[in-house]
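Under full-length UniProt numbering, the residues of the sequence shown are numbered 1 to 258, in order.
Structure record follows, encoded as structure tokens.
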Amino acid sequence: MIEIKTPGELQAMRAAGLVVWRTLTAVRELAKPGVTTADLDELAEQTIRDAGAVPSFKGYHGFPASICASVNEQIVHGIPSKTQVLNDGDIISVDCGAILDGWHGDSAVTLAIGEVSKADLALSAATEAAMWAGIAAVSSGGRLTDISHAVQTAAEKAGREDGTEYGMIVEYGGHGIGRQMHMDPFLPNLGKPGKGPRLKTGMALAIEPMLTGGGGETVELEDGWTVVTADGSRASHWEHTVAITDDGPWVLTAPEDA
1 MIEIKTPGEL QAMRAAGLVV WRTLTAVREL AKPGVTTADL DELAEQTIRD
51 AGAVPSFKGY HGFPASICAS VNEQIVHGIP SKTQVLNDGD IISVDCGAIL
101 DGWHGDSAVT LAIGEVSKAD LALSAATEAA MWAGIAAVSS GGRLTDISHA
151 VQTAAEKAGR EDGTEYGMIV EYGGHGIGRQ MHMDPFLPNL GKPGKGPRLK
201 TGMALAIEPM LTGGGGETVE LEDGWTVVTA DGSRASHWEH TVAITDDGPW
251 VLTAPEDA
């Protein structure tokens, strides 16, 4: 069963989502050369707790931090570390979740550290565009894979425009969200449209494409969390939590003017 929320419950999720947005905004401002990923994690946890919320990630299946901080070839689930110092030219994907009054918000951004190559900027832009294309495909009465197809189509279009073939990470994707962080349904980032559960008003989904500058094969490191590209190519991850309404998608983890 896919959880259906009332309008009031979606408003509660919106409040949690804005905590996540404010946290990622603070992290974005701090993320510069010389800063460690542990510094970012400390700021994120403090920002979340100051808002009266709880980090979704900390302790989740034993995860030790409040954000996932995935640098360069790390795709997702990177563990913040005092020894991971950000350098000029790095990119970092920061995934953040918060629980407020029992409801979850979840969002991710890819940040450029200092002067970043055009290829890495294009990779991040392509991933973000794929996310927004997926969000635009959210419609009450539609099907789940309408979103998947929109993400895939946008990623492929960006690749043609950029003169490269971006790798699509297929093992990881979006998910339902609400009273728990990860709920049914799993949302693939590629596929044919018109398949899967029918979308209904009151559902909420985390839409999160992950692209690489090379192939789509992944390796999980010995820490049991960090996932990296098998070929060492760089990776990007963007995510928003989105509610399905009668008026279309409502992005819960972004300000109204985003």
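Ideal Cβ positions, reconstructed from N, Cα and C, are used throughout, including at glycine.
Quick caveat: nothing in here was measured; it's all calculated off a predicted structure.
The beta strand (DSSP E) with L211 in it runs from where to where?
Residues 210 to 212.
Are the CB atoms of E165 and G159 within a distance shorter than 7 Å?
Less than 7 Å divides the Cβ of G159 from the Cβ of E165.
Beta strand (DSSP E) runs wholly inside the segment 55 to 99, at least 3 long, in chain order:
Entirely contained in the segment 55 to 99, the beta strand (DSSP E) runs reaching 3 residues are, in chain order, 67 to 71, 74 to 76.
Rounded to whole angstroms, what is the Cα-Cα separation between S93 and I2?
Each residue's Cα considered, the two are about 28 Å apart.
Could you tell me how far apart the beta carbons of T36 and S66 are, in whole angstroms, since I believe they sit closer than 8 Å?
A Cβ-Cβ separation of about 14 Å leaves T36 out of contact with S66 under the 8 Å criterion.
DSSP three-state label for A26, please.
Here A26 carries a helix assignment [DSSP, helix/strand/coil].
Compute the Euclidean distance between the alpha carbons of T218 and I169, then round it to the nearest angstrom.
T218 and I169: Cα-Cα distance of roughly 8 Å.
Using three-state DSSP, classify E237 as helix, strand or coil.
One detail in the question is off: residue 237 reads as His in this sequence, not Glu. Here H237 sits in strand by DSSP.
Cα-Cα, which of E73, T47, A38 is closest to P64?
Ranking the options by Cα distance to P64, first place goes to A38.
Check this for me: beta carbons of L231 and G214, under 7 Å apart or not?
Reading the sequence as shown, one finds Asp at residue 231 and not Leu. Cβ atoms of D231 and G214: closer than 7 Å.
Following the continuous beta strand (DSSP E) through D106, name the residue where it begins and the one where it ends.
In the DSSP assignment, D106 falls within the beta strand (DSSP E) that extends over 103 to 112.
N- and C-terminal bounds of the alpha helix (DSSP H) containing I207:
Not the alpha helix (DSSP H): I207 falls in the beta strand (DSSP E), residues 204 to 207.
Pairing CB atoms from the segment 106 to 113 with CB atoms from the segment 150 to 157, are three or more of them under 8 Å?
Contact fails: fewer than three Cβ-Cβ distances are below 8 Å.
When DSSP builds the beta bridges, which residues end up paired with M183?
According to DSSP, which records beta bridges pairwise, M183 is partnered with G176.
Once the 5 residues before and after G195 are set aside, which same chain residues still bring their CB inside 8 Å of it?
Checking the displayed sequence, the identity of residue 195 turns out to be Lys instead of Gly. The residues R143, L144, T145, in chain order, have a CB closer than 8 Å to that of K195 in the same chain once the five nearest residues on each side in sequence are set aside.
Integer Cβ distance of G176 from D184, believed to fall under 8 Å
That belief holds up - the Cβ atoms of G176 and D184 are roughly 5 Å apart, short of 8 Å.
Under the rule that 16 or more other beta-carbon atoms within 10 Å means buried, what is residue 304, buried or exposed?
Because the chain is modelled from 1 through 258, residue 304 falls outside the range shown and cannot be assessed.
Can you check whether the CB of M203 is closer than 7 Å to the CB of I244?
Yes, the pair counts as a contact, with Cβ atoms nearer than the cut-off.
Does the CB of V116 have a neighbour CB from chain D at under 7 Å?
The structure shown has no chain D; it contains just one protein chain.
Whose C-alpha, out of W225, I99, A125, G102, is nearest the C-alpha of D162?
Ranking the options by Cα distance to D162, first place goes to A125.
Is the beta carbon of M181 less than 7 Å from the beta carbon of G102?
In this structure, G102 does not lie closer than 7 Å to M181 by Cβ.
Would the beta-carbon of G17 fall within 7 Å of that of T201?
Taking C-beta atoms as the reference points, G17 and T201 fail to come closer than 7 Å.
In its own chain, which residues sit with a C-beta less than 7 Å from the C-beta of F57, not counting the 5 before and 5 after it?
Correct list, in chain order: F63, A65, S66, I67, C68, G97.
Less than 7 Å between the beta carbons of A206 and T241, yes or no?
It is a contact, given that the beta carbons lie within the stated cut-off.
Determine the extent of the alpha helix (DSSP H) in which G159 is found, giving its start and end residues.
That run of the alpha helix (DSSP H) goes 144 to 162.
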